[in-house]
Amino acid sequence: MCPKNASYYGNRAATLMMLGRFREALGDAQQSVRLDDSFVRGHLREGKCHLSLGNAMAACRSFQRALELDHKNAQAQQEFKNANAVMEYEKIAETDFEKRDFRKVVFCMDRALEFAPACHRFKILKAECLAMLGRYPEAQSVASDILRMDSTNADALYVRGLCLYYEDCIEKAVQFFVQALRMAPDHEKACIACRNAKALKAKKEDGNKAFKEGNYKLAYELYTEALGIDPNNIKTNAKLYCNRGTVNSKETR
């Protein structure tokens with residue numbers, strides 16, 4: 001009825017935000033400030049949507065604009081601080097991930113998600129770190145929640161596969177890695193994990209075959225090669241160590 005009324009778009013954005021539909025709300029908030037750049041609440045809602053979706057830098061720009069229009073606006077001041085806090089948590093998490101301090105990354109992502117509850121990127125990073133910490137049910141739960149909303153999310157598919165891989169369900173893991181690569185052919189982590197999973201499965205099977213045939217020397221070599229593929233896969237490697245120990249006992253008889 002009134003396509004040029006900024007407040008109508010702003011009100012619809014507010015309603016969508018209450019429903020947790022931040023991406024749709026963002027579109028309405030942006031339209032409201034396109035129609036009226038002096039609409040402070042529109043800039044606040046745009047910033048809040050950006051922040052909820054994990055785009056803290058864009059959120060800062062929106063809150064800065066709101067403060068330019070109303071420098072005493074308490075909500076804009078607080079939200080600007082929140083957005084900067086999220087950027088800091090991201091920065092710390094990135095450094096700690098490289099250091100393999102996965103517990104710290106989970107902590108940072110939990111804090112960031114308090115301000116950015118709809119950010120899939122933060123949830124995926126948290127889930128990946130939970131998997132690396134051996135907290136597979138929690139990691140699976142996060143990834144599954146995302147896949148329920150977006151079945152084509154390559155990162156979530158990768159994390160599902162990673163959990164299965166570390167739980168020694170290699171064949172199922174490969175299926176998820178392949179699915180992730182189908183959605184994102186250049187997904188480096190899924191590519192490496194898929195390659196490792198296939199190599200691990202093949203070496204283990206070759207080792208088992210050599211053992212059954214009585215070729216203990218070859219079996220020992222194959223199990224040793226398999227153990228070098230991925231030191232992080234504790235469950236599969238435990239079985240390989242057990243198999244190699246059995247080979248040793250056979251050879252020393």
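Residue numbering for the sequence shown follows full-length UniProt numbering, beginning at 1 and increasing consecutively. The C-beta atom is built at its ideal place from N, Cα and C for all residues, glycine as well.
Annotation for Y136: C163, Y166, E167 place their beta carbon closer than 7 Å to its own, counting only its chain and skipping 5 residues before and after. DSSP, read as helix, strand or coil, puts S141 in helix.
The closest CA to that of L19, considering only A58, C49, M132, N232, is found on C49. For R121, same chain residues with a beta-carbon under 6 Å away, outside a window of 5 residues either side, are G54 in chain order. DSSP places S38 outside both helix and strand once states are collapsed to three, so it counts as coil. In the structure shown, the three-state DSSP call for C108 is helix. Below 8 Å, too few C-beta pairs join the region 206-226 and the region 181-195 to call them touching: fewer than three.
For K203, the enclosing alpha helix (DSSP H) has its first and last residue at 188-212.
Closest option to A56, judged by alpha-carbon separation, among V86, A29, S144, Y241: V86. With fewer than 16 other beta carbons inside 10 angstroms of its own, Q78 counts as exposed.
N82 carries a helical assignment under DSSP once its states are collapsed to helix, strand and coil. Contact check for A219 against V178 fails: the beta carbons are separated by 9 Å or more. Following the DSSP letters along the chain, one finds N11 inside the alpha helix (DSSP H) bounded by residues 6-18. For K217, the enclosing alpha helix (DSSP H) begins and ends at 216-227. Residues of the same chain with a CB within less than 8 Å of the CB of I234, apart from the 5 flanking positions on each side, are G134, Y166 in chain order.
One thing to note: A118 has its Cβ no nearer than 9 Å to the Cβ of A127.
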